[in-house]
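Counting in the numbering used here, the sequence shown runs from 423 upward without gaps. Each remark here refers to the structure printed beneath this line.
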Amino acid sequence: MNEAMKPCDHAGCNCQVPVSRDFCSESCRMATESQNVGSACECGHAACQQRS
Ligand SMILES: [Zn+2]
Ligand SMILES: [Zn+2]
């Protein structure tokens, strides 16, 4: 239960992920690979729910 956490590699994402993972979700991976970093995170996790 000592798994270290780090921020998701998607610049717009507020989620924490295990260090063994790069992204919290496929949506973050795809957004980063498409360099779609200017838009809000669409991973759907509570940490990223933003009022528009
Ligand atoms: Zn997110
Ligand atoms: Zn993420």
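For each residue, glycine too, the CB sits at the ideal point set by N, CA and C.
Between the options, which lies nearest to residue i when the distance is taken from Cα to Cα?
| i | options | result |
| --- | --- | --- |
| R451 | N424, H432, Q438, M427 | H432 |
| G466 | Q457, C437, S456 | C437 |
| A453 | G434, V439, A469 | G434 |
Taking the Cβ atom as the reference point for each residue, do residue i and residue j lie within a distance shorter than 8 angstroms?
| i | j | result |
| --- | --- | --- |
| V441 | A462 | no |
Under a CB-based cut-off of 8 angstroms, is residue i close to chain D?
| i | result |
| --- | --- |
| G466 | Absent from the structure is chain D; it holds one protein chain and no more. |
Going along the chain, which residues put their C-beta within less than 5 angstroms of some heavy atom in ligand 2? C430, H432, C435, C437, C446, C450, C465
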